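Contents: one structure, followed by commentary.
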Amino acid sequence: MVANPISNRQSVFQIIKAASSDIISSLSGDIFSFALSLMLLHTTHSAISFGLGSVIYPIIGFLLVVPLSNLVDTHAHKPLILGAKLVALSALVLYTLTIDHLRTPLWASVAIVTVFGICDKLSQTGYTASVHELVNPEHIKPLTTIEQSASAGIQLLSPLLAALLYTLIGFDGVLRIEMLAETLVILITLSMRFHPQPRTTSEAATNGQWRQFKVGLTYIHQHSVLFFIVQLAVGLNFLFSAINVGIPFALVQRLQLGNTRLGWVMSAFAAGMLVGNLALMVLPTFKRLVRTVLLMTAGLAVTFLVMGVLVMGTWTMVAVTVGMAAMCAAQGLFMALINTPTSVYLQSTVPTELLGRVSGTMMTLNTLAMPLGTLLFSWLFQFLPATPIFVTSGGLILILVLVFWQRQRDGVTPATEESVK
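Using my numbering, read the sequence shown as starting at 20 and increasing by one per residue.
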């Protein structure tokens, strides 16, 4: 076995650089997206402005998952990531120079969101596949946990900060901040040292994009824990759309609680995720990953059931607000305890030359499940009360847990996974 050339000291510096890059990129990107939505809303007066990214990103993920994943697994990662960042920056500069001279900004905005979506997909897949090139195995968990914590913190701050900046400096000012942020991310990426890893599997040369990509699909199917994670994640993402759609509809439309109370409730989810990821920094690695994930998923199902009771309309406004915020915080906590350990497991066990295809497949399936669920639950909430939808969704999640729990007892899914060192 080849010794890992990355020392603990180097890993710490790489974590600092990777986390800094991720925070700058995610925060500036979220601010830009929110400001872009506000600008389009004011100029086009169309509701689609706030759904532009949620429509375009899943389409990009579905159409390009095969070539981008293959590209990541067959080429050096650092040049690919830098290339994606440079293309995004160039497109942003061109957008900034032309947006004020166009009669309508909609189609130019669709173009920039599309370019950003492609570049983000490539860079995210590249970073995920590069984890073994950036840090040694002992630092995979700290790297993933810090990045997940930063993401949760950004979800809390970015809407407020975006609205404030849009008011103070306008959309042109936000564009300049985004260009500066993209430049800083490129400089940080340039300073990072990628250590190419030797191949641990003998993959025969294949011709054709699909045949290369199918190697990753075969790996997921043959690896029982990964196959379990994919199935559970798709089901959860689909059913979790009931929360994303149902909470705003139930609190604002049905219970008339107002936007301020809704904001507090929705922010509680990110707060719960932040607390969960901070807790994971000090908790030991889960030794029984599958069992732990199933228990956390069962806890998630319980929050759906409690929400169904809270939106029945028999409680005071304060009780509903506090109760829903508590349930959202609990959901964020459970999701952190599900997502981060599974990400660590994925990055610690999948061979480097397959990480692009495996992670690309999993991200794409999860991305597709959410909009499909959004369409279904948007239709359901128009015609049915919120309580039976929440309760049914929670019940379906419990059924998923019971099915997988029985499968692990029957030996279909391993009950025990050794902690990843």
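Glycine is no exception: its CB is placed at the ideal position from the N, C-alpha and C atoms.
Note that the structure is a prediction, hence the values are computed from the model and not measured.
- Burial state of Thr208 is buried, judged by a 10 Å Cβ sphere holding 16 or more other Cβ atoms.
- Per DSSP, the unbroken alpha helix (DSSP H) holding Gly102 starts and ends at His96 to Thr117.
- Taking a contact as a CB-CB distance under 8 Å, the pair Leu175 and Ser73 does not count as one, their CB atoms being some 19 Å apart.
- Within the segment 260–299, no complete alpha helix (DSSP H) segment of 4 residues or longer occurs.
- In the three-state DSSP reduction, Gln216 falls in the coil class, being neither helix nor strand.
- One alpha carbon belongs to Pro161, the other to Trp334, and they sit about 42 Å apart.
- The three-state secondary structure of Gly235, taken from DSSP, is helix.
- Excluding five sequence positions before and after Leu71, the CB atoms of its chain that fall closer than 6 Å to its own CB belong to Val132, given in chain order.
- Put simply, the backbone Cα of Phe259 is about 14 Å away from that of Phe268.
- Within the same chain, and ignoring the five residues on either side of Thr359 in sequence, the residues whose Cβ sits closer than 7 Å to its Cβ are Thr163, Thr164, Gln167, Asn296 and Leu299.
- With respect to the 7 Å criterion, Gly136 and Ile75 are classified as neighbours on the basis of their beta carbons.
- Non-local beta-carbon contacts of Trp283 in its own chain, meaning distances under 7 Å to residues more than five positions away in sequence, involve Thr340 and Ala344 in chain order.
- Nearest to Ser142 by C-alpha distance, out of Val204, Glu197, Tyr185 and Thr368, is Val204.
- Non-local beta-carbon contacts of Gly413 in its own chain, meaning distances under 6 Å to residues more than five positions away in sequence, involve Ala320, Phe323 and Leu324 in chain order.
- Counting only the Cα atoms, Ala348 lies some 5 Å from Phe288.
- The shortest CA-to-CA distance from Ile42 to any of Ser128, Gly351, Glu201 and Gly254 is the one to Glu201.
- When the beta-carbon positions are compared, Asn89 and Gln272 stay at least 7 Å from each other.
- Within the same chain, and ignoring the five residues on either side of Ile79 in sequence, the residues whose Cβ sits closer than 8 Å to its Cβ are Thr133, Gly136, Ile137 and Lys140.
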